[in-house]
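S.K.:
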Amino acid sequence: MRRKEFLKSMALLSISTFLPNIKAKNFESNLENFKEKISKLNPLDGKFWKLIREQFPIPKDYTYLNTGGLGSSPYVVSQKVKEEMDNLDRYPTPNHDLEKWWKIKEKCAGLFGCDKEEIAFVGCATEGINIVVNGLPLKKGDEVILTTHEHVAGNLPLLNRAKRDGIVLKTFEPDKVNWETNLERIEKLITKKTRLIFVSHITCTAGQRLPEKEICKLAKDKGLWVFLDGAQVPGMMPINVHEYNCDFYTTSGHKWLLGPKRTGILYVKKENLDIVQPLTVGGYSDAGYSVEKNELKFQPSAQRFEYGTQNPALFFGLETAIDFINLIGIENIWEHDRQLAEAFYQELLKIPNVEVLSPEQEDFRTAMITFKMKNMPYDKVVAYLMEKRIRVRPVTDGNLMAVRVSFHVYNNEMDVAKILNEIKNLAKS
Ligand SMILES: Cc1ncc(COP(=O)(O)O)c(C=O)c1O
Numbered sequence: 001m002r003r004k005e006f007l008k009s010m011a012l013l014s015i016s017t018f019l020p021n022i023k024a025k026n027f028e029s030n031l032e033n034f035k036e037k038i039s040k041l042n043p044l045d046g047k048f049w050k051l052i053r054e055q056f057p058i059p060k061d062y063t064y065l066n067t068g069g070l071g072s073s074p075y076v077v078s079q080k081v082k083e084e085m086d087n088l089d090r091y092p093t094p095n096h097d098l099e100k101w102w103k104i105k106e107k108c109a110g111l112f113g114c115d116k117e118e119i120a121f122v123g124c125a126t127e128g129i130n131i132v133v134n135g136l137p138l139k140k141g142d143e144v145i146l147t148t149h150e151h152v153a154g155n156l157p158l159l160n161r162a163k164r165d166g167i168v169l170k171t172f173e174p175d176k177v178n179w180e181t182n183l184e185r186i187e188k189l190i191t192k193k194t195r196l197i198f199v200s201h202i203t204c205t206a207g208q209r210l211p212e213k214e215i216c217k218l219a220k221d222k223g224l225w226v227f228l229d230g231a232q233v234p235g236m237m238p239i240n241v242h243e244y245n246c247d248f249y250t251t252s253g254h255k256w257l258l259g260p261k262r263t264g265i266l267y268v269k270k271e272n273l274d275i276v277q278p279l280t281v282g283g284y285s286d287a288g289y290s291v292e293k294n295e296l297k298f299q300p301s302a303q304r305f306e307y308g309t310q311n312p313a314l315f316f317g318l319e320t321a322i323d324f325i326n327l328i329g330i331e332n333i334w335e336h337d338r339q340l341a342e343a344f345y346q347e348l349l350k351i352p353n354v355e356v357l358s359p360e361q362e363d364f365r366t367a368m369i370t371f372k373m374k375n376m377p378y379d380k381v382v383a384y385l386m387e388k389r390i391r392v393r394p395v396t397d398g399n400l401m402a403v404r405v406s407f408h409v410y411n412n413e414m415d416v417a418k419i420l421n422e423i424k425n426l427a428k429s
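Numbering (the UniProt record's numbering), first residue to last: 1 to 429.
(1) List the endpoints of the continuous alpha helix (DSSP H) containing T320.
(2) How is the alpha helix (DSSP H) around I215 delimited, first residue to last?
(3) In the structure shown, what three-state DSSP assignment does I58 receive?
(4) Can you find a CB in chain D that lies within less than 8 Å of the CB of P238?
(5) Which term fits A383, buried or exposed, when burial requires 16 or more other beta carbons within 10 angstroms of its beta carbon?
(6) For the beta strand (DSSP E) holding M368, just list the boundary residues, first then last.
(7) If T148 and T171 are in contact, beta carbons under 8 Å, what's the gap, nearest whole angstrom?
(8) Quick check on D165: does DSSP put it in helix, strand or coil?
(9) DSSP three-state label for K170, please.
(10) List the DSSP bridge partners of D229.
(11) Let's test the definition: count the other Cβ atoms within 10 Å of the Cβ of M368 and tell me whether it reaches 16, buried, or not, exposed.
(12) Measure the Cβ-Cβ separation of T263 and A231 and say whether it is below 8 Å.
(13) Can you tell which of N399, V409, V405, Y378 has the C-alpha that lies nearest to the C-alpha of L426?
(14) Is Q232 close to ligand 1? I mean its beta-carbon at under 7 Å from any heavy atom of the ligand.
(15) Please indicate yes or no: does the CB of A321 lie closer than 7 Å to some heavy atom of ligand 1?
(16) Quick one: residues in its chain with C-beta nearer than 8 Å to the C-beta of E28, no 5 flanking neighbours on either side, listed in chain order?
(17) Rounding to the nearest angstrom, what Cα-Cα distance links I167 and P137 in this structure?
(18) Name the two residues that bound the continuous beta strand (DSSP E) containing L266.
Laid out in structure tokens, this is it:
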């Protein structure tokens, strides 16, 4: 029954996609033109964000609040991908240009706060997680600590390893009231057999930021590896993996970075490159091999985790997306997204019949806010909002049975007002 209602609302959505698309007049498909326009505006001025909104094909009457699920790409990015695809079809070349590849990695390294040699391009965060979780030398009985709020992309590779090799998974419930308690909860689970702490940097459930530096310090003090799943972070918030001192970090290009779909970035700290065994290898993974001599030397960099023919157009598109983000300024984005999320959060608290699940401590709230209604199941709320052309995400992960709302560069105060208005209507029903 519930599924039926959800499908019905999806059908409504797909019909609406046949309606004439209300295209923005002021969009740019050339980054230089966008650069010129944005450089004349001030991020404190609404015109700055209006110009940004106009760079996306999202219809004007559609309130898209699910960047945590998938980001929309600006025209400059899709145009770049199309151009590069056309070039490749004009002059098919099986080998991607490694010089350009390294330049893109340099930009990613700038965004991550690491060296380009520590970056591997992957298809998505799920792939990044799998590379590390499958490649780490873990044996039967070794323990991994994770939250009960991990995404399926973290849970499944770990469970798969548990099934295959007998590693043991130990979970803790993230405390949304007190960040220090989260450290205590992790510490309580650490034993002589613990090898890895695997946590989302920002949870996909309540949009909770976990205390990254403190968790990494705890892990290092205890001699453990630490993996921060950053699928929900770069593009929303400034990060610095060297400062965090984490061992592994991964993200998807197609969420907050606004990049092409099926792009991802994996960071592996230099000293861990020889520790993670590359399990899927091929052309580009090696720095020389000989079948006759039974020899194989991996690339000295994280390139060893890449293999086979690439679609370079996607990563050229990711480069443009990072340029686009840098032109706006990641600090400006964080400020903008947080302001919208904060306005939403504060108003939600006042609505009767609403339970807010995002952290009580402001420092750990992000651009994603999660709530549930006391008088209506989450899936009905999602379906109702969809009928009003407001797209949010149902959260069943961690058994939350709630609704998650994401705010990003293309959102504005009107989007906040629109969803709040509908939630108020639901609260009265
Ligand atoms: C915390 C977290 N990790 C991993 C993923 C998986 O991302 P992808 O499907 O792009 O690999 C998601 C997706 O929402 C996520 O929220």
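In this text, a Cβ means the ideal position worked out from N, Cα and C, and glycines have one as well.
Note that this is a predicted model, so its numbers are computed, not measured.
M.R.: Per the coordinate set shown:
(1) Segment 312-328, the alpha helix (DSSP H) holding T320.
(2) Its alpha helix (DSSP H) spans residues 212-221.
(3) DSSP places I58 in coil when its eight states are reduced to three.
(4) In the displayed structure, chain D is absent; only one protein chain is listed.
(5) Answer is buried; the Cβ neighbour count reaches 16.
(6) That run of the beta strand (DSSP E) goes 368-373.
(7) Indeed, because the Cβ distance is near 5 Å, the residues count as touching under 8 Å.
(8) DSSP places D165 in the helix class (H, G or I) of the three-state scheme.
(9) In the structure shown, K170 adopts extended strand secondary structure according to DSSP, grouped into three states.
(10) S200, T250, per the DSSP bridge assignment.
(11) M368 should be labelled buried.
(12) No, the pair does not count as a contact, with Cβ atoms beyond the cut-off.
(13) Shortest Cα-Cα distance from L426 to any of N399, V409, V405, Y378 involves Y378.
(14) Correct: Q232 has its Cβ closer than 7 Å to ligand 1.
(15) Checking every heavy atom of ligand 1 against the Cβ of A321, none is found closer than 7 Å.
(16) Here the set comprises F34, K37, Q55, Y75, V76.
(17) Each residue's Cα considered, the two are about 11 Å apart.
(18) Annotation for L266: the continuous beta strand (DSSP E) segment containing it runs 264-268.
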